[in-house]
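Quick note, our numbering runs 197 ahead of the 1-based positions in the sequence shown.
Here a beta-carbon is modelled for each residue, glycine too, at the ideal position from N, C-alpha and C.
Computed from a predicted model, the values in this text were never measured in an experiment.
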Amino acid sequence: MQQETPTKRRSYWHSITTTGPGKQWAGRLILISLFLLPLMAFLAIKLLFDSVDMVTSMTDSEGATLLIHQLRTVGFLFLSVILMLCLLAAYFLFFISVRIFGPQVAVLRFIEQLRSGNYEAFRPLRKDDELKEIMDALQKLAADLRERQGRRGQ
């Protein structure tokens, strides 16, 4: 039996952060969000504690009004960050579904064409699509089947 050589595992972090067509923004976005989220949390906490210090030096009604205003500001800040993260997650889910499920459908349709005996079928995938290696292997299989069918017909 012929033993296959193990292939190196693909680093998905590297594929996200590499600079290629359509990829240079993803790594930057991850790094920016890793920096901005703690910064915004720090600013919100600082704003809240500064308002507490100001409240202690004021009368009860002025302090309560200022504290309520500051709490609304912090709440709005957290709400906007959560909304931004939800929108970002929705965008990435859409992007990932297009990158994975589109090629998956193409591979399945290509397999159905091969099963029906249509070895002339050709379904190219985009350069950066997932499952490209599988589709290339299936294209080679289709070429081999075409060649075998041609030899039988002669």
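Just the C-alpha distance for residue i and residue j, rounded to the nearest angstrom, thanks.
i	j	result
Ser230	Phe275	14 Å
Thr262	Met281	29 Å
Gly299	Arg349	35 Å
Ile293	Ser313	30 Å
Lys329	Leu290	20 Å
Thr216	Ala286	Legend: pLDDT at Thr216 = 48, less than 50; position of this residue unreliable, no value from coordinates given.
Arg259	Tyr288	First, the amino acid is wrong: residue 259 is Glu here, not Arg. One C-alpha to the other measures close to 43 Å.
Lys337	Cys283	42 Å
Phe239	Glu309	55 Å
Leu234	Leu264	24 Å
Lys324	Leu228	25 Å
Ile242	Phe273	13 Å
Within its chain, find whatever has a CB closer than 8 Å to the CB of residue i; leave out the 5 residues flanking it on each side and keep chain order.
i	result
Met198	Bear in mind that the predicted position of Met198 carries a pLDDT of just 44, short of 50, making it unreliable; the figure below should be weighed with that in mind. Taken in chain order, the list of residues that qualify is empty.
Gln346	Tyr316
Ile331	Val304
Leu311	Ala318, Leu335, Leu338, Ala339, Leu342
Hey, residue i and residue j: beta-carbon distance below 8 Å or not?
i	j	result
Val271	Met237	no
Ala318	Ala339	yes
Arg296	Asp326	yes
Leu335	Val304	yes
How far does the alpha helix (DSSP H) with residue i in it reach, from first residue to last?
i	result
Lys324	It is not in any alpha helix (DSSP H) - Lys324 carries neither H nor E in the DSSP assignment.
Is it buried or exposed, residue i, if we count other Cβ atoms within 10 angstroms and call 16 or more buried?
i	result
Phe307	buried
Tyr209	Summary for Tyr209: the model assigns pLDDT 48, below 50, so the residue's position carries little reliability, and this model does not support an answer.
Glu344	exposed
Leu268	exposed
Leu322	buried
Got a sec? Which residues, its chain only, sit under 6 Å from residue i by beta carbon, not counting five neighbours each side?
i	result
Leu342	Tyr316
Arg320	Ala303, Phe307
Leaving out five residues on either side along the sequence, give the residues of the same chain with a beta carbon under 7 Å from the beta carbon of residue i.
i	result
Ala244	Strictly speaking, residue 244 in this sequence is Leu, with Ala absent from that position. The answer, listed in chain order, is Gln267, Thr270, Val271.
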